[in-house]
């Protein structure tokens, strides 16, 4: 093997390496896959601008879900911090071709909240949270959140009331299929089939919200 | 577990109520089954719709600053090997994206049509290389790394194998040489693991460049190796071989670039 030699002085560098790069996602509206990837790479690097951009877009629905599932503003705040930290840890594995950034973050949030509920003694079921504060005026970065909500509400309209209740009991109530089957005195297989059918209906209704 | 058994669990996995044991069993299956993984992704996306439908509530003042500070602290902490590997994964993934942006078409003479994409690709490549430099600077504190000594190659499927990947070499006359290999879509079945990475030069000399003992849900992994004495000059062929010695992925790094 060749021994390492001192570097030659004045060695040429390829000019394109010197170009400045900056994080420049669009300020509002749904992000393109490339922009989502760019934000996630910024997050991975601990870039404060990227973290703030992600926070501006997604903190509110994450905090809302945390409040809904965990029952206190303090727990929801901890969850929100944990979600962004977990997202930083998992950032290298985010693949925009397999789903939107918002869905990825919300799945992390839900999983962390459910794990926390299971760990905490005495908390068996999340309870409904009523919030009487006046919502803040939404910033431009939260336009996507509003659109997501609008699309989500329309997607859920594709479900019957019974299907909505079933999914809500599982997603918000933390009830397993077996627990629902026992409560309703119906076969376990029937509950699983109904869960899947309802989720597929939502998925189909969601098709038109795919990335621009 | 069979696909049928796993698919029965997927709705509960999507809504987050599967028992830890069943979740682990399902996740293991999803590591290698693309069909079930697709179904799991679709159902999970549908379940998240419920979260988006909630009436948004205001977030506490100052929470944004605390989130930013926490992530910034974690990202700026003394580099762990895991963090370096993750960052490297993102860099090389970005490079793979760059190489698929249409350079072939540009070379074919349709430069006008693809000029914008080419410029973007160049910017992204520049950004990727800058980040790669920062990663390596973190690995060797205080060392400024020459940006003209990093070389990229893609790993392509060999008959009988699965997946794909990318490789980045640092070949430097002044500092220790590195190789980082990112793979995805490898088969995790028993008998294939562990995978090994090897570098081969024109004379057929072989250097071992890492071992892959674990794959993620996408059959992906990163192998990172620093060569204390060997010089990677000329070791342009990169192979990923399975436990039986069969080459499953192979590629060539252009060290002249």
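Chains as they are written, first to last, in the numbering used here: chain Z, 2 to 213; chain E, 929 to 1185. A virtual CB, placed ideally from N, CA and C, is assigned to each residue, including glycine.
Below-8 Å beta-carbon distance, residue 1178 of chain E vs any chain Z residue = Position 250 of the second chain, counted from the first residue, corresponds to residue 1178 of chain E. No, residue 1178 of chain E does not count as interfacial toward chain Z.
Assigned exposure category for residue 62 of chain Z - 16 Cβ within 10 Å defines buried = On the first chain, position 61 is the one that residue 62 of chain Z refers to. Using a 10 angstroms sphere on the CB of residue 62 of chain Z, the tally of other CB atoms reaches 16 or more, which defines it as buried.
Interface flag, residue 40 of chain Z vs chain E, CB-CB below 8 Å = Your numbering for residue 40 of chain Z matches position 39 in the first chain. Closer than 8 Å: no.
request  = Report yes if the C-beta distance between residue 944 of chain E and residue 56 of chain Z is below 8 Å; otherwise report no.
outcome  = Position 16 of the second chain, counted from the first residue, corresponds to residue 944 of chain E. Position 55 of the first chain, counted from the first residue, corresponds to residue 56 of chain Z. Not a contact, by the Cβ cut-off of 8 Å.
Residues in the region 959 to 990 of chain E having any Cβ partner in chain Z nearer than 7 Å = Within the region 959 to 990 of chain E, the qualifying residues are 969, 970, 971, 972, 973, 974, 975, 976, 977, 978, 979, 980, 981, 982, 984, 985, 986, 987 and 988.
ask   = Taking Cβ to Cβ, would you say residue 1175 of chain E is nearer than 8 Å to residue 1109 of chain E?
value = The count along the second chain starts at 1 and reaches residue 1175 of chain E at position 247. The count along the second chain starts at 1 and reaches residue 1109 of chain E at position 181. Contact: no.
Contact set between residue 62 of chain Z and chain E, taken where Cβ atoms lie within less than 9 Å = Counting from one through the first chain, the residue named residue 62 of chain Z turns up at place 61. Those are 979, 980, 982 and 984, listed as they occur along chain E.
ask   = Nearest CA to the CA of residue 59 of chain Z: which residue from Z:73, Z:38, Z:39 and Z:85?
value = Residue mapping note: residue 59 of chain Z aligns to position 58 of the first chain, counting from 1. Checked all of Z:73, Z:38, Z:39 and Z:85; the closest Cα to residue 59 of chain Z is Z:85.
inquiry  = Please report whether the beta-carbon of residue 191 of chain Z lies at a distance below 8 Å from any beta-carbon of chain E.
reply    = Residue numbering aside, residue 191 of chain Z sits at position 190 when the first chain is read from its first letter. Nearest CB-CB separation between residue 191 of chain Z and chain E: not below the 8 Å threshold.
Residue 64 of chain Z (DSSP reduced to helix, strand or coil) = Locating residue 64 of chain Z in the first chain gives position 63, counting from the first residue. In the three-state reduction of the DSSP assignment, residue 64 of chain Z falls in the helix class.
inquiry  = Under DSSP, the alpha helix (DSSP H) around residue 173 of chain Z begins and ends at which residues?
reply    = Taking the first chain and counting its residues from 1, the one referred to as residue 173 of chain Z is at position 172. That residue, residue 173 of chain Z, is in no alpha helix (DSSP H); it is neither H nor E in DSSP.
request  = Could you have a look at residue 187 of chain Z and say whether DSSP puts it in helix, strand or coil?
outcome  = Looking up residue 187 of chain Z in the first chain gives position 186. Reduced to three states, the DSSP call for residue 187 of chain Z is coil.
task = On a CA-only basis, which of E:1082, E:1114 and E:1100 is nearest residue 1091 of chain E? Give me that one, please.
result = Locating residue 1091 of chain E in the second chain gives position 163, counting from the first residue. Considering only alpha carbons, the answer is E:1114.
ask   = Taking the C-alpha atoms as reference points, what is the distance between residue 165 of chain Z and residue 966 of chain E?
value = Residue numbering aside, residue 165 of chain Z sits at position 164 when the first chain is read from its first letter. Residue numbering aside, residue 966 of chain E sits at position 38 when the second chain is read from its first letter. Distance between the alpha carbons of residue 165 of chain Z and residue 966 of chain E: 23 Å.
task = Taking 8 Å as the threshold, find out whether the region 1157 to 1166 of chain E comes into contact with the region 965 to 981 of chain E through three or more Cβ pairs.
result = Touching, no.
Buried versus exposed call for residue 31 of chain Z [16 or more other C-beta atoms within 10 Å across all chains shown] = If you number the first chain from 1, residue 31 of chain Z lands on position 30. Buried: at least 16 other Cβ atoms inside 10 Å.
inquiry  = Output needed for residue 1126 of chain E: all residues of its chain with C-beta closer than 7 Å, excluding positions within five of it in sequence on either side, in chain order.
reply    = Your numbering for residue 1126 of chain E matches position 198 in the second chain. These residues qualify, in order along the chain: 1134, 1135, 1136, 1137, 1167 and 1169.
ask   = So which of Z:39, Z:87, Z:189 and Z:38 has the shortest CA-CA distance to residue 998 of chain E?
value = Numbered from its first residue, the second chain carries residue 998 of chain E at position 70. Nearest option by C-alpha distance: Z:87.
ask   = At a Cβ threshold of 8 Å, is residue 994 of chain E touching chain Z?
value = The count along the second chain starts at 1 and reaches residue 994 of chain E at position 66. Contacts with chain Z at 8 Å (Cβ-Cβ) include residue 994 of chain E.
request  = Could you confirm whether any beta carbon from chain C is found closer than 8 Å to the beta carbon of residue 154 of chain Z?
outcome  = Absent from the structure is chain C; the protein chains it does hold are Z and E.
task = Count the C-beta pairs between the region 89 to 107 of chain Z and the region 38 to 53 of chain Z that are closer than 8 Å, then say yes if the count reaches three, no if not.
result = The region 89 to 107 of chain Z, when compared against the region 38 to 53 of chain Z, does touch it at the 8 Å Cβ threshold.
inquiry  = By alpha-carbon positions, which one of E:1177, E:969 and E:937 ends up nearest to residue 1085 of chain E?
reply    = One-based indexing of the second chain puts residue 1085 of chain E at position 157. Taking only the C-alpha atoms, the option nearest residue 1085 of chain E is E:1177.
task = Leaving aside the five residues before and after residue 1149 of chain E along the sequence, list all residues of the same chain whose C-beta is less than 6 Å from its C-beta, in chain order.
result = Translated into positions along the second chain, residue 1149 of chain E becomes position 221. Answer for residue 1149 of chain E: 1111, 1140 and 1143, listed in chain order.
Residue-level contact to chain E via CB, residue 169 of chain Z, 8 Å cutoff = As a position in the first chain, residue 169 of chain Z is number 168, starting the count at 1. So yes, residue 169 of chain Z belongs to the interface.
ask   = So which residues of chain Z does residue 957 of chain E contact, with C-beta pairs closer than 7 Å?
value = Counting from one through the second chain, the residue named residue 957 of chain E turns up at place 29. The contacting residues do not exist; residue 957 of chain E stays about 17 Å from chain Z at best.
request  = State yes or no: is the C-beta of residue 991 of chain E within less than 8 Å of the C-beta of residue 69 of chain Z?
outcome  = Here residue 991 of chain E is taken as the residue at index 63 of the second chain, counted from 1. Here residue 69 of chain Z is taken as the residue at index 68 of the first chain, counted from 1. Remark: C-beta atoms of residue 991 of chain E and residue 69 of chain Z do not approach each other more closely than 8 Å.
query = When we look at the beta-carbon of residue 109 of chain Z and count the other beta-carbons within 10 Å, is it buried (16 or more) or exposed?
reply = As a position in the first chain, residue 109 of chain Z is number 108, starting the count at 1. The residue in question, residue 109 of chain Z, is buried, as its Cβ has 16 or more Cβ neighbours within 10 Å.
request  = Report the neighbours of residue 1144 of chain E on chain Z: residues whose CB is nearer than 7 Å to its CB, in chain order.
outcome  = Position 216 of the second chain, counted from the start, is the residue given in the question as residue 1144 of chain E. Scanning chain Z for C-beta atoms nearer than 7 Å to the C-beta of residue 1144 of chain E yields 94, reported in chain order.
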